[in-house]
Amino acid sequence: MNAMTKSWVAIGSIDDIPRRGARCVENGDMTIAVFRTADDRVFALEDKCPHKKGPLSQGIVHDGCVTCPLHNWVISLETGKAQGADEGATSPFPVRLDGETVLLGIGEG
Amino acid sequence: MKKKLVIIGNGMAPGRMMEHLFDEAPDAYDVTIFNAEPRVNYDRIMLSPVLSGEKSFEEIVIHGDGWYIERGITLYKGHRIVGIDRAAKTVTSDHDVTESYDKLVIATGSVPFVIPVPGNDLPGVLTYRDLDDVNAMLLAAQARKKAVVIGGGLLGLEAAAGLKERGMDVTVLHLMPTLMERQLDTAAGHLLQQELEGRDIKIITNANTKAILGSNYVEGVELSDGTVIPASLVVMAAGIKANSALGSDAGLEVNRGIVVDGCMRTSDPDIYSLGECAEVDGQVYGLVAPLYQMARVAAGHLAGVPTEAFLHADTPTKLKVTGVDLFSLGDFAEGEDREEIVLRDACAGIYKRLVLRDNRIIGVVLYGETSDGAWFADLLKKETDISELRDTLIFGQAYQGGASADPMAAVAALPDDAEICGCNGICKSAITGAISEKGLTSLDDVRAHTKASASCGSCTGLVEQLMALTLGDNYNPAAVSPMCNCTELGHDDVRRLIKAKDLKTIPAVMQELEWKTSCGCAKCRPALNYYLVCDWPDEYADDYQSRFINERVHANIQKDGTYSVVPRMWGGQTSAAELRAIADVVDRFDVPTVKVTGGQRIDMLGIKKDDLPAVWEELGKAGFVSGHAYAKGLRTVKTCVGSDWCRFGTQNSTGLGVRLEKFMWGSWTPAKVKLAVSGCPRNCAEATCKDVGVICVDSGYEIHFAGAAGLDIKGTEVLGLVKTEDEALEYIVALVQMYREQGRYLERIYKWAKRVGYDEVRSQIMEDADKRQAYFDRFVFSQKFAQVDPWSERVSGADKQEFRPMATVTMEAAQ
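Keeping their order, the protein sequence lines are chains H and P. 60 is the number that our numbering gives to position 15 of the first sequence; each next residue is one higher, with no gaps. 935 is the number that our numbering gives to position 800 of the second sequence; each next residue is one higher, with no gaps.
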């Protein structure tokens, strides 16, 4: 992981993502879900619930979490970890804002 | 080094024993349990509420898997022990697992007594002992046919009530002249029989079963007088016997059960036995309270702490059938040295009888009103001289010394050592003490810390009164369960406050009602969104981010993240042009699966989210609109061909179905709503298991409601008969609006109607013309804003961002 050179790629404006919602970024075979919370923080997770691979981008976003649409697992947007009694995690990705622009941290490894 | 403790059986008695053992001596033993049932320890006496549908299995689990793991216990599920080798000190299971022991506990419980008549081994003949039996009964009940329960004791009557609740036609056969003759006297037995017959359960007493009939499967029961009762299910509940076979095979002393001393030790000092399989002082036990006492005694001895020996005590009996209150304790046979005090109120269904000897209570039977049970039990146990109280004794504690009839006063006046929870042997001071010392505020907390009301639950009311008494104003009755963890308020309070406080946005609700989270959760947000849509149809802006994905993208998400699409087919009718359009969509978008649904629609499955707008556009060209198959809203109106074609049809059922669907489509409801209209009582549209159904008859339209055919199966209730199609539409719309305004989110019509009462629904819709009209008008007003086809909106560009990716990148992401 240390060997990777990370670069920030602009994927669009924060206003492209609804508050308490998500949009998808296609990256080869992988889909990354980019979330925007009620207070305009942005997070990115691989769009796969650790439980049965449900598309987290389609879930309901509340506070710092998203509830998977398939079986209601609650996943932390920051860490990708399942909350409560459930166990498992999906991969988080670095993401930041430059003004209105959303930058996703991706690298060649 | 730890000693090895092996336990055979994982029921309530050994479960309780282990709780005590781990409290007393957590490090004394390595514990291994063999359970013939393939599951964890659950509250067996709550199987009846599971059978009747009032509880789920998950709710009655006592020890989940985690409990065993935390304590390092090895639990072999589904392992039946087939042999004990006392010389080698080992046990062996039917899966060839052998474990050695230092101490062994046999807790194999009991086996149902199967009456020795021909046919008792036919498929369809069940016993009532464990969860597998309950599941088998539930499966059989789905056929909604006739069931016969053999045995009119506690277990048999609970099984009968449960099967009746599940829609079966139930007959109880009882060998004796009155029901529950071991716990009730003749008068109370008759009252109980009347009550059950009033619920449409047939009861035959003095019924001697001669044979169970059937060739490949049970078909009926024949009595010794020649009567034959048809049945597709027979439940044997004629008693239990101790399951002591392992004990006798191992050469232990066995009588009616495995003989143990007052410390629960068998004739082999390294082998203990407890529960229904054990015999103490010539007695075997089947109720939970003495079994829990055995658990305490055995645990104490295993832990090596001084423990009082097991002592026989009378245990009160209660029947777990909702709405039947009965309590019995002690000895109530008639005799020369006995007197009795009886109170009878036939109209109110109340009967109370106290049996006295030497001015002391020795027996209590209460029927219809049992709140004084604990008080009488206390007088009985302490052998209190009642001569001073005699004149008013039967009226109960509240009437002693001129005190008021306040039920709280009665509880307050109970002595500290009065037993509140019979199952667990918990007295009043243990409960009030735990509440004050540990700062307990909820019923669940009290159950967790004291076990009071945690077994059969019949003393829950008393425990709640004690909480109210101890906590005063700080007690907040748990009767209302909160909507979710974001609030203390229940659904009904939230709905009421939304109207009362004029709250018209989700943030306003959360602010005013003091939500504990900043923006709710996936449980409360969709509920609030629905309540606001329903209550303020013209003012509230629907919050799509608070809707479940299916309602946000107007299609049903599938397990692989693709969607299914169901276009509306009014009343289940379609045409060549529509079918062609569907065929073209299937070809063009390579739809993998096409399925005809239960609601008379066509479902296209496996459509990619990106393709949804294009699919809708194609379907829209043929005139299709959304079928709302994804919505908590009006789904489908199923119809038969009615008088248009059918030689039996009495009315135009298809026409009425189409009219209802065109009137009601687009409306949001607390949970999905499915309708059906059948053109005659043959009911080909299966209207009598729908949320709302219509059966057409010559004289008009019989409106039904509150049916279910999903997780639960329930035939509909009749709302009433109306003469014209216009009336049918008006009454149905008013009914659905009433449900829209009162239902809790995700609560189907049958649950809502049961909660508010079928008669209440009938009186508001059938008898109160003003109310009906007002409901109807509010529905019509709401429809002005709801009847917009969501598919064509999105084809025209609404919510574009939902259906396409934000960006496509090609580099690998850093993790």
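For each residue, glycine too, the CB sits at the ideal point set by N, CA and C.
Unbroken alpha helix (DSSP H) run spanning residue i, endpoints
i	result
P:R151	M147 to E159
P:S187	L182 to S187
H:I59	H:I59 -> no alpha helix (DSSP H), and no H or E assigned at all.
P:Y885	I884 to V891
P:V284	Taken as a continuous stretch (DSSP letters only), P:V284 belongs to no alpha helix (DSSP H), being part of the beta strand (DSSP E) at K281 to I285.
P:V581	L578 to T585
P:L601	T595 to L606
P:I204	D200 to E205
Element boundaries [beta strand (DSSP E), containing residue i]
i	result
H:I105	I105 to H107
P:K809	V808 to S813
P:L273	Segment L266 to A276 is the alpha helix (DSSP H) holding P:L273; no beta strand (DSSP E) there.
P:S408	I406 to S408
P:V915	Careful: P:V915 lies outside any beta strand (DSSP E), inside the alpha helix (DSSP H) at A904 to A921.
P:T227	T225 to S228
P:F170	In the sequence on display, residue 170 of chain P carries Asn and not Phe. Start and end: Y164 to N170.
H:F88	V87 to E91
P:T209	T209 to K212
P:I375	I375 to A377
P:E475	E474 to D480
P:K238	K238 to I241
Amino acids of chain P, ordered along the chain, whose beta-carbon sits closer than 7 Å to that of residue i
i	result
H:E145	In chain order: nothing, as chain P lies at least about 14 Å away.
H:I120	Within chain P, no residue comes near H:I120; the closest Cβ sits about 11 Å away, beyond 7 Å.
CB contact check: residue i to chain A, cutoff 9 Å
i	result
H:P95	Of the protein chains in the structure, H and P, none is chain A.
Chain H contact residues for residue i, given Cβ-Cβ distances below 7 Å
i	result
P:R660	I105 and H107
P:S191	Neighbours of P:S191 on chain H: none; closest Cβ ~17 Å, over 7 Å.
P:A294	Those do not exist, as P:A294 stays about 34 Å from chain H at its closest Cβ, beyond 7 Å.
P:G392	Within chain H, no residue comes near P:G392; the closest Cβ sits about 40 Å away, beyond 7 Å.
Beta-carbon proximity of residue i to residue j, cut-off 9 Å
i	j	result
P:T732	P:T697	no
P:L257	P:I197	no
P:C619	P:C594	no
P:L239	P:D405	yes
P:A716	P:K773	no
P:V369	P:V395	no
P:T823	P:G842	yes
H:E123	H:P137	yes
P:L648	P:L667	no
P:I684	H:Q128	no
P:R687	P:H763	no
P:V829	P:A844	no
P:L870	P:L854	yes
P:I336	P:K281	no
P:A278	P:S183	no
H:G70	P:M941	Before going on, a small fix: residue 70 of chain H reads as Val here, not Gly. Against a cut-off of 9 Å, the Cβ pair of P:M941 and H:V70 comes out as a contact.
P:N559	P:S522	no
Chain-ordered neighbours of residue i on chain P, where CB pairs are closer than 8 Å
i	result
H:S56	The sequence given here has Ile at residue 56 of chain H, not Ser. Correct list: M941, A942 and V944.
H:A83	S653 and C654
Amino acids of chain H, ordered along the chain, whose beta-carbon sits closer than 9 Å to that of residue i
i	result
P:I692	G99, P100, Q103, P114 and L115
P:Q936	D61, I62, P63, G66 and R68
P:G199	Per Cβ cutoff of 9 Å: no residues; P:G199 is ~10 Å from chain H at best.
DSSP beta-bridge partners of residue i
i	result
P:G465	P:G498
P:T859	According to DSSP, which records beta bridges pairwise, P:T859 is partnered with nothing at all.
P:G849	Strictly speaking, residue 849 of chain P in this sequence is Lys, with Gly absent from that position. The partner list for P:K849 (beta bridge, DSSP) reads P:A843.
P:L740	P:S699 and P:T728
P:T450	According to DSSP, which records beta bridges pairwise, P:T450 is partnered with nothing at all.
P:N691	P:S699
P:M371	P:T262 and P:I285
P:Y486	P:R479 and P:Y502
Neighbouring residues, chain H, relative to residue i (Cβ below 8 Å)
i	result
P:Q680	P63, R64, R65, G66, I105 and V106
P:S699	None at all; the shortest Cβ gap to chain H is about 14 Å.
P:F683	I105 and P114
P:A657	G104, I105, H107, T112, N117 and V119
Supposed contact pair residue j and residue i - C-beta distance, whole angstroms, cut 8 Å
i	j	result
P:S802	P:A888	The Cβ separation is near 18 Å, so there is no contact.
P:F724	P:D746	5 Å
P:A569	P:L575	6 Å
P:L601	P:V546	6 Å
Proximal residues of chain P, C-beta to C-beta of residue i below 9 Å
i	result
H:V79	M941 and A942
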